[in-house]
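Enquirer: First the structure, then my questions, so here it is.
Protein chains: 2
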Amino acid sequence: MDKSLLKQLFKGIWSAQTGMKDEMDLLTAAANTPRREALERMVDAPLPFSIEAIAVEQIKENKYLLTLPHTHDEILYGLGLNFKRIDVQGSVRHLHMDHFGGEDNGRTHAPAPFLVSSQGYGMLINKARYISVYTGNTHRKEAHPPVISRMDKGWQPVYKSREIEIIIPGDGFEIILFSGPTVLDVVRRYNLFCGGGCLPPKWGLGFWHRTPSSYTAEEVEEEAKAFETRGFPLDVIGLEPGWHSCSYPTSYEWSRERFPDPKGFIERLADKKIRVNVWENPFVSPQSTLGRQLEPFSGTHTGSWGGLIPDLSIENVREMIQKQHESEHLNQGVSGYKIDECDGFDQWLWPDHAAFPSGLSGETLRQVYGVLFQRLTLDMFRRRNMRTYGLTRASNAGTTSFPYVLYNDYYSHPDFITALCSSSLCGLLWTPEARSASDAEDWLRRIQSVCFSPLAMLNAWADGTKPWSFPEVSDAVRDVMLIRMQLIPYLYSAFAQYYFEGIPPFRAMVLEPHDASDPNASIQALRRISNQYMAGPCILVAPMFAGKKERTVILPPGKWFDFYTGALAGHGPTTITITPPLERIPLFVCDGGIVPMWPEDLNAHETERLKHLEVRYYGTSDGCFEVYDDDGLTYDYEQGTYALTRLKMGRNAEGKWQGTSETVYDGMTSAYDYFNWRFMTK
Amino acid sequence: MDKSLLKQLFKGIWSAQTGMKDEMDLLTAAANTPRREALERMVDAPLPFSIEAIAVEQIKENKYLLTLPHTHDEILYGLGLNFKRIDVQGSVRHLHMDHFGGEDNGRTHAPAPFLVSSQGYGMLINKARYISVYTGNTHRKEAHPPVISRMDKGWQPVYKSREIEIIIPGDGFEIILFSGPTVLDVVRRYNLFCGGGCLPPKWGLGFWHRTPSSYTAEEVEEEAKAFETRGFPLDVIGLEPGWHSCSYPTSYEWSRERFPDPKGFIERLADKKIRVNVWENPFVSPQSTLGRQLEPFSGTHTGSWGGLIPDLSIENVREMIQKQHESEHLNQGVSGYKIDECDGFDQWLWPDHAAFPSGLSGETLRQVYGVLFQRLTLDMFRRRNMRTYGLTRASNAGTTSFPYVLYNDYYSHPDFITALCSSSLCGLLWTPEARSASDAEDWLRRIQSVCFSPLAMLNAWADGTKPWSFPEVSDAVRDVMLIRMQLIPYLYSAFAQYYFEGIPPFRAMVLEPHDASDPNASIQALRRISNQYMAGPCILVAPMFAGKKERTVILPPGKWFDFYTGALAGHGPTTITITPPLERIPLFVCDGGIVPMWPEDLNAHETERLKHLEVRYYGTSDGCFEVYDDDGLTYDYEQGTYALTRLKMGRNAEGKWQGTSETVYDGMTSAYDYFNWRFMTK
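Same order as they appear, the protein sequences are chains V and L.
Just so we're aligned: the first sequence equals residues 0 to 681 in numbering that gives the first Met the number 0.
Just so we're aligned: the second sequence equals residues 0 to 681 in numbering that gives the first Met the number 0.
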């Protein structure tokens with residue numbers, strides 16, 4: 000690729016356009032504004048290869064072949080949401096919007112063509128088409144000396160590829176290159192380029208519960224009351240398809256039988272500090288008011304169960320849907336959406352040859368449909384200067400700033416944790432939601448995991464499971480839900496870091512500081528591990544899965560301490576084996592770790608009580624944590640209306656350990672006015 | 000599609016070409032000669048729709064959209080080898096040569112674009128490209144009245160498609176249409192059009208055993224001796240990769256360390272009436288003699304473990320490989336091949352953009368590579384007027400006459416049986432080979448199934464399992480292996496029917512006579528059932544899977560009798576529940592069923608003993624069976640050198656039941672000269 004094609008966009012970010020530009024590409028669909036200032040604050044770094052090392056060739060049938068160098072030790076990450084492993088090299092990925100089918104092959108809920116290399120660079124292919132990525136599994140004949148293996152004992156054929164080959168259909172494409180030097184730097188640059196991480200409203204970090212599909216308003220309110228009576232936290236109630244006057248296909252209008260007074264219903268819940276999120280899919284009933292309007296603007300085919308497929312690339316179409324949603328949902332007090340089914344399960348979506356009024360192909364619209372629908376809803380909330388937080392089953396690259404969390408119907412607990420790790424490498428969020436369980440242990444272990452994720456939710460739409468459905472673990476379930484609530488100041492600050500610095504709040508271990516060239520086995524293992532992850536700056540989460548009494552945990556460099564007791568757990572880099580009790584999800588805090596916590600409460604609403612923070616301090620080294628605060632509800636923080644309080648632990652003038660707090664930014668007054676320091680490590 | 004495009008090829012078979020013809024299509028690759036006379040003997044039938052009902056439209060990027068009508072009750076079959084179910088409607092299949100990945104999505108070992116409809120027609124898309132078939136899961140907006148579902152109790156949204164939509168890439172394509180009226184008629188026409196079913200050599204129907212990869216000649220001979228000593232039948236020994244001087248990539252030359260005297264080794268086994276089959280894949284070591292010759296005729300990329308990929312579409316290349324194979328293998332006495340790995344596992348094969356000297360695309364070569372390699376080997380054997388029988392992991396449409404049986408590395412016993420059923424709907428053969436087992440029960444159940452399949456094989460290449468590895472079931476394993484041997488005259492006659500009439504020897508229940516419009520639940524269920532099947536004209540096989548003590552069996556119309564006891568099992572159409580003993584695979588024979596059997600023997604070689612047949616007769620109605628015989632080794636049967644003996648059971652002049660035999664065709668003298676009738680039903 001000729002050097003002249005390369006245009007520097009920001010420090011460490013370059014773009015190169017080959018051939019023609021598409022009317023609709025991934026970045027157009029997401030329509031984000033890069034966070035220029037934050038990008039400029041990052042360290043500069045070159046790409047690990049010259050741009051001439053990238054080869055571009057036009058091949059048959061309107062396709063391009065893009066070839067990048069691949070080195071022997073290189074580990075590749077990214078390429079969207081994956082469930083089996085986080086490293087993607089040595090495989091073929093046909094990036095295609097779809098429900099995950101049990102195999103990491105590119106068909107997934109967020110088939111983002113964003114590749115991250117351990118060599119210290121990332122590449123986004125900004126193209127809304129089906130792209131095939133051969134991640135170091137192809138072998139060009141001329142590039143390889145012949146390798147001969149005999150069938151001897153211990154025989155293990157090894158044959159390393161020297162190239163990454165990518166097939167991109169269409170008349171042209173844009174690549175965006177991100178430099179490192181570390182994998183975290185690459186991911187941060189990408190996230191900041193995509194507008195910075197989303198900052199959910201504070202209530203979004205509380206506990207969510209989705210009620211069964213056919214519940215009436217009365218039944219939902221009873222369920223909410225049961226949470227309160229039993230002392231289980233609850234911030235958001237999610238309504239499933241049955242709230243529609245008809246589904247499927249969906250009308251987006253309230254079922255007046257089940258919800259005779261939506262506004263009153265939502266207000267009564269709001270009085271209890273509980274918000275309402277509603278399920279929808281984009282496949283419109285042709286008999287609904289909206290359906291009649293959208294008919295001429297819909298595709299040649301229908302989607303799930305006969306619903307019209309509105310062409311969301313047309314502004315007028317988005318406006319029609321927004322207008323209806325504003326009046327029927329937002330004006331009634333709905334706080335956000337769960338956007339279902341635009342990923343596919345393949346046979347439920349429109350076929351590739353479906354035609355749409357805008358002239359966009361079925362393929363292009365499929366790749367970005369979930370993104371367009373997310374944006375449509377976000378625009379409404381932004382106009383009201385109101386943050387939202389919700390769920391989506393379909394997304395793609397470019398959506399780092401979208402307050403939508405991915406989920407699906409797959410339901411493997413271990414693979415859900417891999418997905419959580421994998422999401423952090425592509426600017427995505429993932430929730431390992433709990434729905435049901437085979438037994439009490441499984442239930443508790445799943446609830447524990449979801450409480451350490453971007454969205455802590457029980458989705459009981461089909462099974463009607465309650466947090467207390469397994470009485471023998473009911474107390475332990477409540478305990479971890481309450482810990483989640485207490486951690487909101489900590490997690491909210493971590494999300495602020497996502498927005499301001501592009502650091503994922505929940506992230507794969509490879510994003511922690513380490514020396515990749517260190518041959519230490521634990522260091523090498525943490526570059527691929529996907530059954531443990533970081534939550535916020537200093538907590539390492541090592542979920543337990545039902546049926547297991549023990550597990551290993553890789554501790555990165557430095558000392559690590561038990562979250563609950565403050566005791567030393569190990570000195571990394573090392574791998575420890577633990578046998579945790581059923582009631583506790585294993586959590587470890589790094590040396591000098593500071594964890595600000597709310598008192599126990601059932602909602603994330605600001606009250607007098609919640610002004611007082613307990614500040615846990617772990618270890619034996621100096622520590623520092625910046626507690627972020629803002630109004631928790633609006634976008635005013637983007638204009639500087641927020642506060643940062645620096646909590647520090649260190650020796651004072653007399654040589655005694657002392658915790659101090661200091662306002663370091665006061666765009667507003669922080670809610671937190673009292674810090675109760677607690678030395679966890681004795 | 001305009002009527003003028005339609006050309007009648009044979010009775011009930013039409014072709015229509017749209018746009019340009021490809022240099023390489025599926026039928027060119029298979030290069031078969033239709034069995035004209037057999038086709039002309041079939042009943043005539045029209046297509047169930049007018050050709051104008053098929054719509055063809057050119058769509059973007061060099062693709063065609065083909066649309067066929069789809070009716071409410073229509074069941075669709077075919078589309079290659081499937082593992083989860085035999086009916087394919089309501090899904091999307093992206094037909095793509097690959098290893099089966101756990102989901103029926105079109106990626107499979109034989110992604111044949113041959114669709115069979117219960118409406119009484121079949122369609123082959125004669126195109127070696129990746130074809131996407133939407134089998135009645137798409138919904139054209141204008142074709143559908145809106146359907147509204149409410150979330151009421153028992154809510155079950157139903158939304159039936161009215162079209163089959165198919166995307167075919169390229170400049171043109173040919174479809175071949177086959178009429179019925181029954182599903183069996185469609186399949187028979189297709190099979191006869193593809194040259195008629197293969198007739199294996201008689202020894203091919205005996206028992207096969209593949210020895211561990213690193214065995215030496217000595218170890219193989221010891222293993223063969225162990226079979227004899229212990230009284231287990233053995234007709235073919237299969238050698239795995241370790242016989243090569245190097246693998247991987249493969250040299251096709253003998254390892255002189257392990258096999259110092261290949262010819263002597265093969266002759267010694269031949270003396271024991273055991274043949275040798277050798278494993279290979281098509282990825283050539285560049286350091287072997289053949290590799291050096293083939294280098295300039297290979298693709299831009301290498302295949303599995305760095306092997307060159309010869310362009311098999313070039314005649315000269317095929318000849319080079321044949322010449323080497325003739326001298327190194329056939330001249331040494333090798334009886335046939337196992338052709339591995341040309342299906343892919345995706346990341347092991349060449350990428351789609353790989354270029355080949357012939358100019359064919361990586362995609363086209365991938366779709367037919369297994370077919371071309373099969374044909375290359377078959378040509379050698381045919382030139383010697385010697386039949387072969389072997390295994391392949393990659394095939395496609397058009398190969399009905401190829402004596403190659405599909406297998407893979409997936410290893411789900413129940414799904415292997417579904418594959419066996421599915422294969423019969425596309426002119427393919429499948430073996431549920433046994434490799435290893437979790438316990439004795441699993442071992443016995445797997446061996447029982449494989450003994451009722453086209454190729455009865457223990458593939459111990461990796462695990463080294465012996466038939467007697469589980470002592471507690473060792474006798475029962477031997478018993479079913481011996482039954483397999485005894486059934487060879489019966490199975491050989493069934494294969495003759497495959498050749499002469501196109502009737503699959505092992506087939507899905509839907510291919511048995513039934514009235515599809517009969518609402519009887521058992522009749523409707525047999526149209527989709529895939530855990531039982533027919534072996535030959537009159538035996539119904541209902542395999543048992545480990546862990547199950549009972550199962551249901553659907554009996555088609557008429558009375559059915561227990562194979563072992565002759566007792567009445569039920570009167571179909573009905574569904575019965577059975578609790579068979581561990582030692583017996585459930586087998587049922589239809590009323591009037593006649594089963595000619597050899598005496599127990601360890602090899603399928605002709606001897607004096609094997610001239611005497613035991614003829615089992617079941618039930619209470621007249622019966623008839625034509626025993627086929629020929630030399631068992633050559634292609635002379637194609638010129639009429641075979642014999643047919645009609646065995647009949649009926650009342651004689653005195654009203655007594657009597658079995659009779661009559662020579663009905665005597666192109667040669669049948670080996671069978673004595674028939675010992677045995678009334679099984681008392």
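Using N, Cα and C, we set each Cβ at its ideal position, and we do this for glycine too.
#1: When you check each C-beta in the stretch 105-131 of chain V against every C-beta of chain L, which residues fall closer than 8 angstroms?
#2: Please state the DSSP three-state secondary structure of H611 (chain L).
#3: Quick one: residues in its chain with C-beta nearer than 6 angstroms to the C-beta of A455 (chain L), no 5 flanking neighbours on either side, listed in chain order?
#4: Looking at the secondary structure, which residues open and close the alpha helix (DSSP H) in which D339 (chain V) lies?
#5: My assumption, with CB atoms under 8 angstroms, is that D234 (chain V) sits in contact with A459 (chain V). Please give the rounded CB distance.
#6: What is the rounded straight-line gap between the Cα of G105 (chain V) and the Cα of V91 (chain V)?
#7: Could you please give me the residues that DSSP links to G571 (chain V) through a beta bridge?
#8: So H71 (chain V) and T301 (chain L) are supposed to be a Cβ contact under 8 angstroms. How far apart are they, rounded?
#9: Just the C-alpha distance for Q331 (chain V) and F380 (chain V), rounded to the nearest angstrom, thanks.
#10: Just checking, does the stretch 576-596 of chain V make contact with the stretch 615-632 of chain V on the three C-beta pairs under 8 angstroms criterion?
#11: Tell me which residues share the same chain as L191 (chain L) and place their Cβ nearer than 7 angstroms to its Cβ, disregarding the 5 neighbours each side in the sequence.
#12: In angstroms with no decimal places, state the Cα-to-Cα distance between R506 (chain V) and A541 (chain V).
#13: Flag this pair as yes or no: are the beta carbons of L289 (chain V) and Q323 (chain V) separated by less than 7 angstroms?
#14: Which of the three DSSP states, helix, strand or coil, is assigned to Y251 (chain L)?
#15: Closer than 7 angstroms, Cβ to any Cβ of chain L: which residues of the stretch 353-380 of chain V, in chain order?
#16: Would W429 (chain V) and A436 (chain V) be called neighbours here (beta carbons separated by less than 7 angstroms)?
#17: Is K2 (chain V) near I53 (chain V), with beta carbons less than 7 angstroms apart?
#18: Between which two residues does the beta strand (DSSP E) carrying R650 (chain V) extend?
#19: Strictly below 9 angstroms CB to CB, what residues from chain V border I85 (chain L)?
#20: Whose Cβ in chain V lies nearer than 7 angstroms to the Cβ of R139 (chain L)?
#21: I want to see whether chain V comes within less than 7 angstroms of N61 (chain L), judged by CB atoms only; does it?
#22: What residues from chain L crowd round D351 (chain V), counting only those whose CB sits closer than 8 angstroms?
#23: Pull up the distance between the alpha-carbon of D438 (chain L) and that of T464 (chain L), whole angstroms please.
#24: Please list, in chain order, the chain V residues whose beta carbon lies closer than 7 angstroms to that of N280 (chain L).
#25: Ends of the alpha helix (DSSP H) at I482 (chain L)?
#26: Starting from S116 (chain V), follow the beta strand (DSSP E) in both directions and report where the run begins and ends.
#27: Could you spell out the range, first to last residue, of the beta strand (DSSP E) harbouring I593 (chain L)?
#28: On the premise that I85 (chain L) lies in contact with C420 (chain L), defined as a C-beta separation below 8 angstroms, what is that separation, rounded to the nearest angstrom?
#29: Along the chain, which unbroken stretches of the beta strand (DSSP E) at least 3 residues long are found entirely within the stretch 159-237 of chain L?
#30: CB-CB under 7 angstroms to D342 (chain L), same chain, minus the five flanking residues each way: which ones, in chain order?
#31: Is the stretch 521-534 of chain V touching the stretch 220-239 of chain V in the sense that three or more CB pairs, one from each, lie closer than 8 angstroms?
#32: Going by DSSP, what residue range makes up the alpha helix (DSSP H) through C420 (chain V)?
#33: Counting contacts by CB-CB distance shorter than 7 angstroms, is D345 (chain V) in contact with chain L?
#34: Is the CB of L64 (chain V) under 7 angstroms away from at least one CB in chain L?
#35: Is the CB-CB distance between N280 (chain V) and T249 (chain V) below 7 angstroms?
#36: Give me the residue from V:G196, V:H243, V:Y563 and V:S521 with the minimum Cα distance to S422 (chain V).
Expert: According to the data block:
#1: S131
#2: As a working note, residue 611 (chain L) is residue 612 in the second sequence. Three-state result, H611 (chain L): strand.
#3: Within the second sequence, residue 455 (chain L) is the residue found at index 456, counting from 1. If we look at A455 (chain L) and ignore the five residues flanking it on each side, its Cβ neighbours are F206, V449 and R483.
#4: Locating residue 339 (chain V) in the first sequence gives position 340, where the first residue counts as 1. Careful: D339 (chain V) lies outside any alpha helix (DSSP H) and carries neither H nor E.
#5: Position 235 of the first sequence, counted from the start, is the residue given in the question as residue 234 (chain V). Position 460 of the first sequence, counted from the start, is the residue given in the question as residue 459 (chain V). With a Cβ gap of about 16 angstroms, D234 (chain V) and A459 (chain V) do not count as contacting.
#6: Here the question's residue 105 (chain V) lines up with position 106 in the first sequence. Here the question's residue 91 (chain V) lines up with position 92 in the first sequence. Roughly 8 angstroms separates the two Cα atoms.
#7: The residue labelled residue 571 (chain V) in the question sits at position 572 within the first sequence. For G571 (chain V), which the question treats as bridged, DSSP gives the partners V:G557.
#8: The residue you call residue 71 (chain V) lines up with position 72 of the first sequence. The residue you call residue 301 (chain L) lines up with position 302 of the second sequence. Wrong, their Cβ atoms sit about 17 angstroms apart, outside the cutoff.
#9: Along the first sequence, read from residue 1 onward, the residue named residue 331 (chain V) stands at position 332. Along the first sequence, read from residue 1 onward, the residue named residue 380 (chain V) stands at position 381. C-alpha separation (whole angstroms): 13 angstroms.
#10: yes
#11: Taking the second sequence and counting its residues from 1, the one referred to as residue 191 (chain L) is at position 192. Closer than 7 angstroms at Cβ, skipping near neighbours: P33, R34, A37, L38 and G501.
#12: Within the first sequence, the letter at position 507 stands for residue 506 (chain V). Within the first sequence, the letter at position 542 stands for residue 541 (chain V). Cα to Cα, the separation comes out at about 12 angstroms.
#13: Against the first sequence, residue 289 (chain V) aligns to sequence position 290. Against the first sequence, residue 323 (chain V) aligns to sequence position 324. Taking 7 angstroms as the Cβ cut-off, L289 (chain V) and Q323 (chain V) qualify as a contacting pair.
#14: Numbered from its first residue, the second sequence carries residue 251 (chain L) at position 252. Coil, per DSSP.
#15: S360
#16: For this step, residue 429 (chain V) is matched to residue 430 along the first sequence. For this step, residue 436 (chain V) is matched to residue 437 along the first sequence. In this structure, the beta-carbon distance from W429 (chain V) to A436 (chain V) does not fall below 7 angstroms.
#17: Sequence index remark: in the first sequence, residue 2 (chain V) carries index 3 (1-based). Sequence index remark: in the first sequence, residue 53 (chain V) carries index 54 (1-based). No, the Cβ-Cβ distance between K2 (chain V) and I53 (chain V) is not below 7 angstroms.
#18: Counting from one through the first sequence, the residue named residue 650 (chain V) turns up at place 651. It spans A642 to R650 - the beta strand (DSSP E) in which R650 (chain V) sits, taken as one unbroken run.
#19: What you label residue 85 (chain L) is simply residue 86 of the second sequence in a count that begins at 1. Neighbours of I85 (chain L) across chain V, judged by C-beta separation under 9 angstroms, do not exist; the nearest C-beta is about 17 angstroms away.
#20: As a position in the second sequence, residue 139 (chain L) is number 140, starting the count at 1. Those are T299 and H300, listed as they occur along chain V.
#21: Stepping through the second sequence from its first residue, residue 61 (chain L) is reached at position 62. So, interface residue.
#22: Counting from one through the first sequence, the residue named residue 351 (chain V) turns up at place 352. Per Cβ cutoff of 8 angstroms: S131 and I166.
#23: Your numbering for residue 438 (chain L) matches position 439 in the second sequence. Your numbering for residue 464 (chain L) matches position 465 in the second sequence. Approximately 12 angstroms between the Cα atoms of the pair.
#24: Taking the second sequence and counting its residues from 1, the one referred to as residue 280 (chain L) is at position 281. From the beta-carbon of N280 (chain L), no residue of chain V is found nearer than 7 angstroms; the closest lies around 12 angstroms away.
#25: Residue 482 (chain L) sits at position 483 when you count from the first residue of the second sequence. For I482 (chain L), the uninterrupted alpha helix (DSSP H) run begins and ends at S473 to Q485, by DSSP.
#26: Position 117 of the first sequence, counted from the start, is the residue given in the question as residue 116 (chain V). S116 (chain V) -> beta strand (DSSP E) spans F113 to S116.
#27: One-based indexing of the second sequence puts residue 593 (chain L) at position 594. Note, I593 (chain L): beta strand (DSSP E), I593 to M596.
#28: For the purposes of this step, residue 420 (chain L) is taken as the residue at position 421 of the second sequence. For the purposes of this step, residue 85 (chain L) is taken as the residue at position 86 of the second sequence. Contact flag correct, Cβ pair sits at about 5 angstroms.
#29: 162-168, 171-178 and 206-209
#30: Numbered from 1 along the second sequence, position 343 holds the residue referred to as residue 342 (chain L). Here the set comprises M96, D97, H98, H108, G369, R392 and A393.
#31: no
#32: Walking along the first sequence from the start, residue 420 (chain V) turns up at place 421. Start and end: H412 to S422.
#33: Numbered from its first residue, the first sequence carries residue 345 (chain V) at position 346. So yes, D345 (chain V) belongs to the interface.
#34: For this step, residue 64 (chain V) is matched to residue 65 along the first sequence. Yes - at least one Cβ of chain L is within 7 angstroms of the one on L64 (chain V).
#35: Walking along the first sequence from the start, residue 280 (chain V) turns up at place 281. Walking along the first sequence from the start, residue 249 (chain V) turns up at place 250. Yes, they are a contact pair.
#36: Translated into positions along the first sequence, residue 422 (chain V) becomes position 423. Checked all of V:G196, V:H243, V:Y563 and V:S521; the closest Cα to S422 (chain V) is V:G196.
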